[in-house]
Amino acid sequence: MVPESGGASYRAVSLAIAVATAGALPAFLTGGLAVQIQEELHFGAAALGLAVALFFLSSAATSALMGRLVERIGASRGMRLAAAVSALSLLGVALLARSWPALVVCLVLGGLANAVSHPAANLSLAREIPPGRLGLSFGIKQAALPAATLLAGLAVPLVAVTFGWRWAFVGGATLALLVALLVPRRKERGAERVAEEDRRGDAPILPLAVLALGIGLGSTAATPLGAFIVNSAVEEGMRVEAAGLLLATGSACSIAVRVVFGYLADMMSGGRLRLVAGMLAAGVAGFLMLAVGSGALFVAGALVAFGAGWGWPGLFNFAVVKTSPGAPAAATGITQTGASSGAAFGPLLFGAVVEAASYEAAWIVSAAAALAALAAILTGRALLLGGLPPSLRRG
307 MVPESGGASY
317 RAVSLAIAVA
327 TAGALPAFLT
337 GGLAVQIQEE
347 LHFGAAALGL
357 AVALFFLSSA
367 ATSALMGRLV
377 ERIGASRGMR
387 LAAAVSALSL
397 LGVALLARSW
407 PALVVCLVLG
417 GLANAVSHPA
427 ANLSLAREIP
437 PGRLGLSFGI
447 KQAALPAATL
457 LAGLAVPLVA
467 VTFGWRWAFV
477 GGATLALLVA
487 LLVPRRKERG
497 AERVAEEDRR
507 GDAPILPLAV
517 LALGIGLGST
527 AATPLGAFIV
537 NSAVEEGMRV
547 EAAGLLLATG
557 SACSIAVRVV
567 FGYLADMMSG
577 GRLRLVAGML
587 AAGVAGFLML
597 AVGSGALFVA
607 GALVAFGAGW
617 GWPGLFNFAV
627 VKTSPGAPAA
637 ATGITQTGAS
647 SGAAFGPLLF
657 GAVVEAASYE
667 AAWIVSAAAA
677 LAALAAILTG
687 RALLLGGLPP
697 SLRRG
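Numbering-wise (the numbering used here), the sequence shown opens with residue 307 and increments by one.
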């Protein structure tokens, strides 16, 4: 399922996927190769979690600034910059990471690349994809982010075990550099002028800040799924093999939901943020099922949490872009601040609750965060619609 508007649309979606994947690769490769990295650099699980969290905090701290930078330099230059900086980060890990602080410095650099990648990819889709297929394109782009996890997983048996973990980062740097080279060097249609056109109808800062809080809380609730669902399932008595299959099935469910709901969003005249809130409400139920259930109820809760509780980011970004047509990169740069903050804070909070109490308590915390995200997104939507002209009041 890809946009049906010719080769240009296919290329735009493919490049958006590739750039978003390249931007996330430093963090996911570090997680996938953690065993080998920790053994050589001599640090523990807490230090690993902090290193990855600092990647996302770096991204969160600079996302709004990078979104405005992308508006000035254009989508193509922004995508090339993101992929090139990610390649530099990956190569830095391979060549320079001889200690935990050195690894962190390289990951912080990678966080800057991630901060550029999403606004640039979003701007490219907003400018290149016909309106009738834009929601589907955002769904595909967000669904493709697990490709970074897939590459990290493949790097363990194919590269790290045979040649060493540093060569896996060299391979990742090569892929990111290839992505940078594949982005066409075209003169965009007045990038600076387009960014200034029709700005009076764009969403004001306050609604975007509230929506950033909403996606941040939603990310806090959902990002622990990938990191902790296997261990939580084993705690409930599930075999390790079955728990791994549950993770894979849940991830596939999330990918499918993102694509399908992106397709449906193109047929909606409005109410997309309300739909996001509805998905989060279902996600609350999924997290509570994980907290209180076992056996079939736990499995059902995991699928609901993955599908509804973490299947909405593409729909959310599409809604933000639709309400900020004059500066989609700047708008999603602001909301990406929340997404990256949640990605950093969520696993740290979840792990702390598990250590202090239990997995059941941690899933309840995720449910509470998802409920708060729902409230923040509905509040942001109300503020958004109140400040927009009638032609754009369709969030």
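A virtual CB, placed ideally from N, CA and C, is assigned to each residue, including glycine.
Just so we're clear, the structure is a prediction, and the values are computed from it rather than from any experiment.
Taking all protein chains shown into account, decide if residue i is buried (16 or more other Cβ within 10 angstroms of its Cβ) or exposed.
i       : result
Glu-547 : exposed
Gly-496 : Note on Gly-496: pLDDT 45, under 50, position unreliable in the model; no value is reported.
Asn-428 : buried
Ile-323 : buried
Phe-593 : buried
Met-573 : exposed
Val-341 : exposed
Phe-624 : buried
Gly-380 : buried
Arg-687 : buried
Thr-327 : buried
Phe-469 : exposed
Ser-392 : buried
Ala-352 : exposed
Val-467 : exposed
Ser-575 : exposed
So what's residue i in DSSP terms, helix, strand or just coil?
i       : result
Arg-506 : Confidence is the limiting factor: at Arg-506 the pLDDT is only 48, short of 50, which leaves the residue's position unreliable, though a coordinate-based value still follows. Arg-506 falls in the helix class under three-state DSSP.
Gly-599 : coil
Pro-437 : helix
Phe-334 : helix
Met-574 : coil
Glu-542 : coil
His-424 : helix
Phe-361 : helix
Leu-487 : helix
Gly-350 : coil
Ala-390 : helix
Trp-471 : helix
Gly-355 : helix
Ala-403 : coil
Ser-395 : helix
Thr-555 : helix
Ser-664 : coil
Thr-480 : helix
Gly-373 : helix
Gly-380 : coil
Gly-522 : helix
Leu-409 : helix
In chain order, what residues of the same chain have a beta carbon less than 6 angstroms from the beta carbon of residue i, not counting five sequence neighbours either side?
i       : result
Glu-310 : Confidence is the limiting factor: at Glu-310 the pLDDT is only 46, short of 50, which leaves the residue's position unreliable and the question unanswerable from this model.
Gly-568 : Gly-441, Leu-442, Phe-444, Gly-445 and Gly-620
Ala-597 : Glu-666, Trp-669 and Ile-670
Gln-448 : Arg-564, Pro-619 and Gly-620
Ala-359 : Ala-650 and Leu-654
Val-626 : Ala-637, Thr-638 and Thr-641
Ala-333 : Val-358 and Phe-361
Gly-438 : Asp-572
Val-660 : Ala-668
Ala-528 : Gly-615 and Trp-616
I believe residue i touches residue j by the beta-carbon criterion, under 8 angstroms. Please report the beta-carbon distance rounded to the nearest angstrom.
i       : j       : result
Ala-645 : Phe-656 : Not confirmed; about 17 angstroms, so no contact.
Glu-542 : Phe-612 : Actually they are not in contact, since the Cβ atoms of Glu-542 and Phe-612 sit about 16 angstroms apart, beyond 8 angstroms.
Phe-622 : Val-566 : Not confirmed; about 15 angstroms, so no contact.
Leu-331 : Leu-396 : 6 angstroms
Ala-367 : Leu-483 : Not really, about 25 angstroms apart at Cβ, beyond 8 angstroms.
Taking a contact to mean a Cβ-Cβ separation below 8 angstroms, would you say residue i touches residue j in this structure?
i       : j       : result
Ala-588 : Ala-614 : yes
Leu-335 : Gly-478 : yes
Pro-347 : Trp-406 : Just to set this straight, residue 347 is Leu in the shown sequence, not Pro. The answer is yes: Cβ separation under 8 angstroms.
Ala-608 : Gly-556 : yes
Ser-702 : Gly-617 : Since the first and last residues shown for the chain are 307 and 701, residue 702 lies out of range.
Arg-386 : Gly-639 : no
Ala-518 : Thr-685 : no
Arg-491 : Ser-423 : no
Phe-362 : Gly-417 : yes
Ala-398 : Leu-415 : It is worth fixing the name first, because residue 398 is Gly in this sequence and not Ala. Contact flag set, yes.
Gly-337 : Ala-419 : no
Ser-365 : Pro-530 : no
Leu-570 : Trp-471 : no
Val-540 : Ala-533 : no
Ala-421 : Cys-412 : no
Leu-690 : Thr-643 : no
Ala-633 : Glu-377 : yes
Ala-475 : Ala-400 : It should be pointed out that residue 475 corresponds to Phe in this sequence rather than to Ala. Yes; because the gap between Cβ atoms is below 8 angstroms, this pair is in contact.
Ala-602 : Met-595 : no
Among residues of its own chain, excluding the 5 on either side of residue i, which ones have a beta-carbon nearer than 7 angstroms to its beta-carbon?
i       : result
Leu-523 : Gly-648, Ala-675, Ala-678, Ala-679 and Ala-682
Ile-535 : Leu-552, Leu-553, Gly-556 and Ala-608
Ala-318 : Ser-430, Leu-431, Glu-434 and Ile-435
Ala-591 : Val-610
Identify, in the order they occur along the chain, each residue of the same chain with its Cβ nearer than 8 angstroms to the Cβ of residue i, setting aside the five sequence neighbours on each side.
i       : result
Ser-600 : Glu-542 and Gly-543
Leu-321 : Met-385, Ala-427, Ser-430, Val-485, Leu-488 and Val-489
Is residue i near the ligand ATP - that is, is its Cβ less than 7 angstroms away from at least one heavy atom of it?
i       : result
Ala-370 : Ligands are entirely absent from the displayed structure, and the ligand ATP is therefore not among its contents.
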